[in-house]
Ligand SMILES: [Fe+2]
Ligand SMILES: [Fe+2]
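In the working numbering, the protein residues as written are 39 to 413.
Right, dumping it as structure tokens:
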């Protein structure tokens, strides 16, 4: 029986003694380079630890229907006995496949359909299930340890989504004095992370993955992505994808304004300070942090303390100081919080965290007073 629209999972992420939320298939012809999918386990069936161990030795992958993917991962997140690294890896595998498919579909259609939007929103809500109540420092340890996928934009967008959720979950509790952060906001700021670079789906692969220095024309082309991304959401969205007008606006503004700098030197609108939406400012911080700390095939990552010291130099220039202070507290361990640190390394205010860099374009630090004069 050949079944199209299947999604692969590693047998090692199955939860023992829990009824399967869907049928599982195997590819019985994998060794011949052909595909013939056969149902191996039925929905509702429970597998023992030994069954799973045996299956892991016998099969590389199990397959499940695309439409059952979210049910499967939801159960996996609530019941799993796997450690956070295995969970993050499984989630990433799921999300990278999903995002790469969406980005390639978007090349020809130029706007996000309701179905694509809903799927991505569900992925963001799986992230909320995994990330909520995790601090940036713990999340970073997990994200930095898992294998990076090659396509910079997907890998990076998944990390930004998770840092966004972690930040807002703590920030809402702190600033709004609520016991629990608002769930829908967390899903949407996660979605903003997934979609912040969606405008790049309209650019050529060579341009968005080019790790060297861009020509002024190439740079201009790259800088269209926040506006293109927002337009892709706004077009055809008379119903706001089922969100309230305020929620939809928050999401669009996070996408549109994530490259605005608080001192007014960013793009596309050169907004300053309070003119920039809170979610865009949070996304900009997550974006910056991920670009510096995540291992890439392009450049060596900075450790957390050095990354924060580098970001500190962009405080109130590129990123907002008070939000960054909050981020810093969440990203540092108790021991590190008492250590003062500084670095002579500095990045230009037009440093683009959304693009791969062969080497990070460090320059000699300029005293802050001079920088303010240069505005
Ligand atoms: Fe980015
Ligand atoms: Fe971007």
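Backbone N, C-alpha and C define an ideal beta-carbon position, used for all residues, glycine too.
Confirm, please, whether the CB-CB distance from residue 59 to residue 113 is below 8 Å.
Indexing the chain shown from 1 puts residue 113 at position 75. Indexing the chain shown from 1 puts residue 59 at position 21. Yes.
Please determine whether the Cβ atom of residue 290 lies at a distance below 7 Å from any heavy atom of ligand 2.
Here residue 290 is taken as the residue at index 252 of the chain shown, counted from 1. Outside the cutoff, so no.
What's the gap between the Cα of residue 54 and the Cα of residue 91?
If you number the chain shown from 1, residue 54 lands on position 16. If you number the chain shown from 1, residue 91 lands on position 53. Between residue 54 and residue 91, the C-alpha separation is close to 10 Å.
Give me every residue whose Cβ sits closer than 6 Å to any heavy atom of ligand 1, in chain order.
194, 198, 234, 235, 325, 391, 392
By Cβ distance below 7 Å, which residues in the same chain neighbour residue 353 in space, the five residues on each side in sequence not counted?
Indexing the chain shown from 1 puts residue 353 at position 315. Excluding positions up to five away in sequence, the list reads 359, 362.
Rounding to the nearest angstrom, what Cα-Cα distance links residue 339 and residue 374 in this structure?
As a working mapping, residue 339 is identified with position 301 in the chain shown. As a working mapping, residue 374 is identified with position 336 in the chain shown. One C-alpha to the other measures close to 19 Å.
Identify the continuous beta strand (DSSP E) that holds residue 84 and give its terminal residues.
For the purposes of this step, residue 84 is identified with residue 46 of the chain shown, where counting begins at 1. Counting along the chain, residue 84 falls outside any beta strand (DSSP E), and DSSP gives it neither H nor E.
Near residue 175, which residues of its chain fall below 8 Å by C-beta distance, leaving aside the five closest residues on each side in sequence?
As a first step, residue 175 is located in the chain shown; it is residue number 137 there, counting from the start. Answer for residue 175: 342, 368, 369, 370, 371, listed in chain order.
Take residue 45 as the anchor and find which of 51, 214, 63 has the nearest alpha-carbon.
As a first step, residue 45 is located in the chain shown; it is residue number 7 there, counting from the start. Considering only alpha carbons, the answer is 63.
In chain order, which alpha helix (DSSP H) runs of at least 4 residues are fully inside the stretch 357-385?
359-369, 372-375
Apart from the five residues just before and just after residue 127, which ones in its own chain have a Cβ nearer than 6 Å to its Cβ?
The residue given as residue 127 occupies position 89 in the chain shown. Excluding positions up to five away in sequence, the list reads 184.
Measure the C-alpha to C-alpha separation of residue 215 and residue 258 and round it to an integer number of angstroms.
Residue numbering aside, residue 215 sits at position 177 when the chain shown is read from its first letter. Residue numbering aside, residue 258 sits at position 220 when the chain shown is read from its first letter. Inter-residue distance for residue 215 and residue 258 is about 42 Å (C-alpha atoms, whole angstroms).
Say yes only if the C-beta of residue 296 is nearer than 7 Å to one or more non-hydrogen atoms of ligand 2, and no if none qualify.
What you label residue 296 is simply residue 258 of the chain shown in a count that begins at 1. Yes, Cβ of residue 296 sits closer than 7 Å to a heavy atom of ligand 2.
Does the Cβ of residue 399 have 16 or more other Cβ atoms within 10 Å, making it buried, or fewer, making it exposed?
Start at 1 with the first residue of the chain shown, and residue 399 comes out as number 361. With fewer than 16 other Cβ atoms within 10 Å, it is exposed.
Is it right to say residue 80 is buried, meaning 16 or more other beta carbons lie within 10 angstroms of its own, or is it exposed?
Walking along the chain shown from the start, residue 80 turns up at place 42. By the 16-neighbour rule on beta-carbons within 10 angstroms, residue 80 is exposed.
Could you tell me which residues DSSP puts in a beta bridge with residue 101?
Taking the first residue of the chain shown as position 1, residue 101 is located at position 63. Paired residues: 46, 63.
Less than 8 Å separating the beta-carbons of residue 232 and residue 195?
Counting from 1 along the chain shown, the entry for residue 232 is found at position 194. Counting from 1 along the chain shown, the entry for residue 195 is found at position 157. The criterion of a C-beta distance shorter than 8 Å is satisfied by residue 232 and residue 195.
Quick one: is the Cβ of residue 57 within less than 7 Å of any heavy atom of ligand 2?
The sequence position of residue 57 within the chain shown is 19, counting from 1. Checking the Cβ of residue 57 against ligand 2 gives no.
Considering only DSSP beta bridges, list what residue 75 is partnered with.
By one-based count along the chain shown, residue 75 stands at place 37. Bridge partners of residue 75: 65.
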